[in-house]
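For the protein sequence lines, the chains are A and B, in the order given.
Note that the first sequence covers residues 169 to 278 in the working numbering.
Note that the second sequence covers residues 3 to 116 in the working numbering.
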Amino acid sequence: SQKIEQNSEALNIQEGKTATLTCNYTNYSPAYLQWYRQDPGRGPVFLLLIRENEKEKRKERLKVTFDTTLKQSLFHITASQPADSATYLCALPHTDKLIFGTGTRLQVFP
Amino acid sequence: DTGVSQDPRHKITKRGQNVTFRCDPISEHNRLYWYRQTLGQGPEFLTYFQNEAQLEKSRLLSDRFSAERPKGSFSTLEIQRTEQGDSAMYLCASSRSRVEETQYFGPGTRLLVL
C-alpha cells in the first residue's frame, strides 16, 4: 500500500541555521508533490509544489528537491527564524485527492 | 476576507448526538474537500465534491457520516450517533478544478465527543 513517511520527531534548530525536513514515499509514482505549513489549531497553508521533472524549486528562503529515484523530497528553510516554527506536511496526489504525511514539527529557537 | 470559512470552530457533544458542520469555500472554487485530523497525524481524506457532485468517499467515512453540497457552494458534514473516536479536527479545503491546484484550507472545526 502507499505510504508517506515524515520524521515524526520534532526538529529543533537554532535561529539562522538551515532546517532540512524529509518526505519519503513508497508505492507511489506521483507527478508532483506539495508542501504545506500548519500552525497549531489552524488549517494547513500551501507553500510549494514541485513536479517530477523538476529537481529543485525555490521560493524566498524555501527550497524543495524531488528525487523520483530515491522516492524522496527534501524541504529546506535557510536562515531560519523563530517564526518558522510550525509543522510541515508533504502531500502527494492519489487518484483525485491529496494524501498527506504525518508532518514534522520544526522548532526554531533564538 | 474571501478565504475558506468553517462553522462552528469548536463543538462539544455527548456520545450518541448528531452534529453538523458547515464549510463555505472560496467562491470561484469548484472543488471542495473534507479531511479529518487527529493529534500528531496529517489530514486524512474523507470526501470531495466537484460542484454539487460527491465524487469520492473514503472508507473512513462510515454510514454515520454524510456530506452534501446542494448548490455547489457551501457544504455540510453531518455525523450521526457520534462516538468518542469521532473526536478530531474536521478540515475543509477548496480548490479550482483539478487536484493539482493548490488547496486552500479553512480553520477547521474541533469536535470533542464526551
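By construction, the Cβ of each residue, glycine as well, lies at the ideal position given by its N, Cα and C atoms.
This structure is a prediction, so every number in the text was calculated from the model and none was measured.
Worksheet item: So with Cβ pairs under 8 Å, would you call R226 (chain A) a contact of chain B?
Response: no
Practice prompt. Say whether chain B places a C-beta atom closer than 8 Å to the C-beta of T270 (chain A).
Written response: Judged by the 8 Å Cβ criterion, T270 (chain A) is in contact with chain B.
Practice prompt. Check the Cβ-Cβ distances between L57 (chain B) and every residue of chain A, and say whether any is below 8 Å.
Written response: Under the Cβ distance rule, L57 (chain B) counts among the residues neighbouring chain A, one pair being separated by less than 8 Å.
Discussion item. Between P72 (chain B) and chain A, is any beta-carbon pair separated by less than 8 Å?
Written reply: Not one chain A Cβ lies under 8 Å of P72 (chain B).
Fill in: 8 Å Cβ cutoff, K265 (chain A) in contact with chain B
K265 (chain A) counts as touching chain B.
Discussion item. Helix, strand or coil, according to DSSP, for D235 (chain A) in the structure here?
Written reply: When DSSP states are grouped into helix, strand and coil, D235 (chain A) belongs to the strand group.
Worksheet item: Taking Cβ-Cβ distances below 8 Å as the criterion, which residues of the region 3-23 of chain B are in contact with chain A?
Response: V6
Worksheet item: Contact between the region 86-105 of chain B and the region 22-34 of chain B: three or more CB pairs below 8 Å?
Response: yes
Worksheet item: Excluding the five sequence neighbours on either side, which residues of its own chain have a C-beta within less than 8 Å of the C-beta of T4 (chain B), listed in chain order?
Response: I28, S29
Worksheet item: Straight-line CA distance for N32 (chain B) to N53 (chain B)?
Response: Cα to Cα, the separation comes out at about 5 Å.
Worksheet entry | Assigned exposure category for S64 (chain B) - 16 Cβ within 10 Å defines buried | exposed
Worksheet item: Is D252 (chain A) helix, strand or coil by DSSP?
Response: helix
Practice prompt. Could you name the residues that DSSP lists as bridge partners for L274 (chain A)?
Written response: In DSSP, L274 (chain A) forms a bridge with A:L179, A:A254.
Item to complete: Reducing DSSP to helix, strand and coil, say where D9 (chain B) ends up.
Response: strand
Fill in: Cβ shell of Q19 (chain B) (< 6 Å), same chain only, five flanking positions each side left out
T84
Worksheet item: By the criterion of Cβ-Cβ separation under 9 Å, what are the contact partners of F47 (chain B) in chain A?
Response: Neighbours of F47 (chain B) on chain A, chain order: H262, K265, L266, I267, F268.
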